[in-house]
Amino acid sequence: MTRFNACIDLHNGQVKQIVGGSLTDTDPDSLRTNFVSKETPAYYGQLYKKHNITRAHVIKLGPNNDAAAKEALASWPGGLQVGGGISVENAQEWIDLGANKVIITSYLFPDAKFSLDRLKRLSETVGKDKLVVDVSCRRKDDKWIVAMNKWQTMTDMEVNKETLDMLSQYCSEFLVHAADVEGLCKGIDQELVRKLGEWVTIPTTYAGGGNNISDLELVDRLSNGKVDLTFGSALDIFGGSSVKFDDCVEWNSKH
Numbered sequence: 001m002t003r004f005n006a007c008i009d010l011h012n013g014q015v016k017q018i019v020g021g022s023l024t025d026t027d028p029d030s031l032r033t034n035f036v037s038k039e040t041p042a043y044y045g046q047l048y049k050k051h052n053i054t055r056a057h058v059i060k061l062g063p064n065n066d067a068a069a070k071e072a073l074a075s076w077p078g079g080l081q082v083g084g085g086i087s088v089e090n091a092q093e094w095i096d097l098g099a100n101k102v103i104i105t106s107y108l109f110p111d112a113k114f115s116l117d118r119l120k121r122l123s124e125t126v127g128k129d130k131l132v133v134d135v136s137c138r139r140k141d142d143k144w145i146v147a148m149n150k151w152q153t154m155t156d157m158e159v160n161k162e163t164l165d166m167l168s169q170y171c172s173e174f175l176v177h178a179a180d181v182e183g184l185c186k187g188i189d190q191e192l193v194r195k196l197g198e199w200v201t202i203p204t205t206y207a208g209g210g211n212n213i214s215d216l217e218l219v220d221r222l223s224n225g226k227v228d229l230t231f232g233s234a235l236d237i238f239g240g241s242s243v244k245f246d247d248c249v250e251w252n253s254k255h
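In the numbering used here, the protein residues as written are 1 to 255.
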C-alpha cells in the first residue's frame, strides 16, 4: 500500500522547497524557490518522529548544509535518511551521526558514467540495508535518464527494469525524483509511477509534482501499492495550500 514519506530539503543551511530543474552551479539567478522555512531542520525531524513518518529523507542541495543535516539527524537518531554529497569516504560517518540510511547518486557516476565498482564498494562499506540509490531522472523522448549534479547532468543510465534489478542487488531502497516536474505542483509523472510499479522489487519513494491528497490514492492505483509518495511544495508545512500534513498522517494511520 502506498504511504506518505516526508522530506527535509536543505539549501544553504535552510529548509527550502525549490523548483528542481532550476538548481544550477553556473547561474544562481535561475534558482526558483517556492518556500524558505522559518523553522529549523530539527523542527521537521521532531515532527516526523512524533507522527512516525518513517523513511523521511534529508537532502543536502549543494554546499553549506552539513551542520543543518546533522541537526536534523540529531532530532531523530536512526529515524531519517540523508543524501547529498555522500561517498564511500563519508557514508559511514553519516550513519554514525544517526542516519538510518544514506542516499547516493552522483558518486556512482564519475564523469556521468555509471560505476558498478563504486556501488559495490559503498554497499560493502555500509551494508546493503543502509543504502538507498537515488535514481532521480529527467525525461528524454520516451525514456527516463538518471540525472545527477543537482539534476543538471544527464548520465548514461536509463531507468528501466534491467537497471533497477541490477541496482537492487546492492541497495535496500530507491528514491526517485521526477526532476522535470519537481517543485511545480502541477501533478505527478503518472507514466513514470506506473512503470516504477511494474519494475521495482524493493521499497521505492517517488517525489515530484504531487499537489493533492488524492495523489496518494492515484500513486497506489498506478503502482499497485509498490511506490510511496513524497509531497514537497504543495504541503502546508512547506508553505503550500493544497495538501495538509495532518491529512497525510491520517492516510498513513489508515493504510
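The beta-carbon is built from N, C-alpha and C at its ideal position, and this holds for glycine as well.
Proximity winner among the options, relative to residue i (alpha-carbon distances)
i    : options                  : result
R55  : L73, K38, T40 and A67    : L73
V159 : A91, Q46 and V133        : V133
G239 : N5, E39 and V181         : E39
L80  : N90, N100 and N64        : N100
H11  : Y107, T2, V135 and D66   : D66
G85  : W76, D96, A68 and L61    : L61
T163 : Q152, N149, Y43 and L196 : L196
Cβ-Cβ separation, residue j to residue i (assumed contact under 8 angstroms), whole Å
i    : j    : result
A179 : G208 : 7 angstroms
V58  : V82  : 5 angstroms
V102 : W94  : 5 angstroms
Terminal residues of the beta strand (DSSP E) in which residue i lies
i    : result
G197 : Note, G197: premise wrong, no beta strand (DSSP E); alpha helix (DSSP H) at Q190 to W199.
L131 : L131 to D134
W144 : K143 to M148
K140 : C137 to K140
Segment limits, alpha helix (DSSP H) that includes residue i
i    : result
V36  : Here V36 belongs to no alpha helix (DSSP H); instead the beta strand (DSSP E) covers T33 to V36.
Y43  : P41 to K50
R3   : Element bounds for R3: n/a, residue is neither H nor E.
T125 : L116 to V126
A69  : D66 to S75
Reduced DSSP secondary structure (H/G/I, E/B, other) of residue i
i    : result
L97  : coil
M157 : strand
K226 : coil
C171 : coil
V102 : strand
T54  : coil
Q81  : strand
D220 : helix
Q14  : strand
K60  : strand
V249 : helix
D165 : helix
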